[in-house]
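Chemist:
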Amino acid sequence: MPTRRMILTTAGAAAVVTGAGVLGAAWAPGGATARAPWRVAGESFGDARLDALAYAILAPNPHNMQPWRFQLAGEDRIDITCDLDRRLPETDPPDRQIIIGFGAMLELLAMAAAEKGYAVEIDYFPDGEAQPRLDRRRIAVATFRADARVPKDPLFQETLARRTSRALFDADRPVSTDTVDAICAAANRGSSADGSVDAASRARLIDLARRGWIVEYETDATRGESIELMRIGNRAVADKPDGISLNGTAMGLLKMAGLITPEKLDTPGATAYEQGLSTYMALIDSAQGFVWLTSETNTRRDQMNAGRNWVRLNLAAEQAGVAVQPLSQVLQEFPEMASLYTETQEELGVTAPGVVQMLGRVGYAKSSPPPSPRWPLSSRLIDAVA
Ligand SMILES: Cc1cc2nc3c(=O)[nH]c(=O)nc-3n(C[C@H](O)[C@H](O)[C@H](O)COP(=O)(O)O)c2cc1C
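Here you go:
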């Protein structure tokens, strides 16, 4: 059984640890270091579980918190727990979105394992479903079994290309109903997926999303939570490759000029504050259609399935050349959002105990963003147990 130390000293894993990768070097600029997990994902780390985890950590997850902790157990098992400090208590009080991120991660884990000839059996919440919030109990146990006949999923080919897009979508290039249907069809893991490019429904959802964004932004606690997670400039992103990254040369210059600071982002009237508000509005307005995931109940397992489906939908969109961005504000469960939350469920025809688990805009973007930062896999591993 590999210990963490052993894992860290294998050649491939050394690259994961330093974040440098085979191509890069330890002195790679901040952005490159923070993105190294995308470059090294295809390497071999001496254990099928690590090989699959190297892809799994690239999953979409709320605010890129990467709340997972992995413990290799015995020869074939991974015990998965949540780093409770990496939750989003203001925007996600019941940890629903956090679980969606875990679901996405587990879907990629199973896909990546299948590529190497392993079937993965996933036992969700083996110690009981944590309610109303997550606790230290295991989120899931994943057991690997060699199986040369396990089917490979063609969507896996998109894993390294998959992105959450924060680009303006092309107003001259509508998305067809057939394309939306094809993307939604990929989400076949239990919760259901739907979408619309109909002009009237699009206008109503844009209006809802705009109002949701204003509420999240103008509520001190939720805005504050996001500001605290902003990594402004390449150095900040390299130091903490998670949260909301505002990097690149232009951002570095604005930071140096003192125009973008956490204080300015938190001050109504300041340029940084007002631009934060209007930039996201413009993204919402450019939606060419919407997709959403619903479930008939809202158990932790439903949330997991929604996560598995979200990443499948995101991968299928990538395959179709369509860009996707979740717009989660109106699905958030903090008191100030309550009436918009209800309005959204009604708009999408969902009645309790069913819920809308995910809502996102779709469209064509002129370019694809670079991969988002990730912590190296080694930093998410805790010592193996017998
Ligand atoms: C449950 C959930 C909710 C999300 N909500 C939003 C959102 O409201 N706005 C947004 O821009 N991205 C949202 N995202 C996308 C994440 O921010 C994104 O997955 C993360 O930053 C990692 O980036 P990547 O998907 O490009 O790898 C959400 C993702 C998940 C899984």
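Counting from 1, one number per residue, gives the positions in the sequence shown under the working numbering. Don't be surprised by glycine CBs; every beta carbon is placed ideally from N, CA and C.
#1: Which of helix, strand or coil does DSSP assign to residue 369?
#2: Looking only at its own chain, which residues have a Cβ that is under 6 angstroms from the Cβ of residue 319, when we skip the five neighbours before and after it?
#3: Can you tell me whether residue 256 is buried or exposed, with buried defined as 16 or more other CB within 10 angstroms of its CB?
#4: Below 8 angstroms on the Cβ atoms is my contact criterion, and I expect residue 41 with residue 32 to pass it. Report the Cβ-Cβ distance as a whole number of Å.
#5: Looking only at C-alpha atoms, which of 261, 153, 85 and 180 sits nearest to residue 136?
#6: Within the continuous alpha helix (DSSP H) that includes residue 300, where are the two ends?
#7: DSSP on residue 81, reduced to helix/strand/coil?
#8: With DSSP collapsed to three states, give me the class of residue 280.
#9: What ranges does the beta strand (DSSP E) occupy inside the region 45–97, keeping only unbroken runs of at least 3 residues that lie completely in it?
#10: Work out the CA separation of residue 258 and residue 184 for me, nearest whole Å.
#11: Give every residue of the same chain whose Cβ lies closer than 6 angstroms to the Cβ of residue 231, excluding the five residues on either side of it in the sequence, and list them in chain order.
#12: Can you confirm whether the region 367–385 touches the region 337–357 when touching is taken to mean that 3 or more C-beta pairs between the two stretches lie within less than 8 angstroms?
#13: Tell me which residue opens and which closes the beta strand (DSSP E) that residue 145 is part of.
#14: Using the Cα positions of residue 329 and residue 144, report the straight-line distance between them to the nearest angstrom.
#15: Please state the DSSP three-state secondary structure of residue 292.
#16: Tell me which residues share the same chain as residue 161 and place their Cβ nearer than 7 angstroms to its Cβ, disregarding the 5 neighbours each side in the sequence.
#17: Kindly list the residues whose CB is nearer than 6 angstroms to the CB of residue 260, restricted to its own chain and excluding five residues on each side of it in sequence; keep chain order.
#18: Is residue 293 closer than 9 angstroms to residue 309 when the C-beta atoms are compared?
#19: Find the nearest neighbour of residue 190 within the set 63, 296 and 47, judged by alpha-carbon distance.
#20: Helix, strand or coil for residue 165? Go by DSSP, reduced to three states.
#21: Taking 8 angstroms as the cut-off, is the CB of residue 319 close to at least one heavy atom of ligand 1?
#22: With respect to 8 angstroms, is the separation between the Cβ of residue 354 and the closest non-hydrogen atom of ligand 1 below this value?
#23: Are at least three pairs of beta-carbons, each pair with one atom in the region 68–83 and one in the region 276–284, less than 8 angstroms apart?
#24: Could you check the C-alpha separation between residue 354 and residue 214 for me, to the nearest Å?
Modeler: In terms of the structure at hand:
#1: coil
#2: 158
#3: exposed
#4: About 15 angstroms; that fails the 8 angstroms criterion.
#5: 85
#6: 300–320
#7: strand
#8: helix
#9: 68–73 and 77–82
#10: 44 angstroms
#11: 237, 240, 243 and 245
#12: no
#13: 140–146
#14: 36 angstroms
#15: strand
#16: 318
#17: 232, 254 and 272
#18: yes
#19: 296
#20: coil
#21: no
#22: no
#23: no
#24: 26 angstroms
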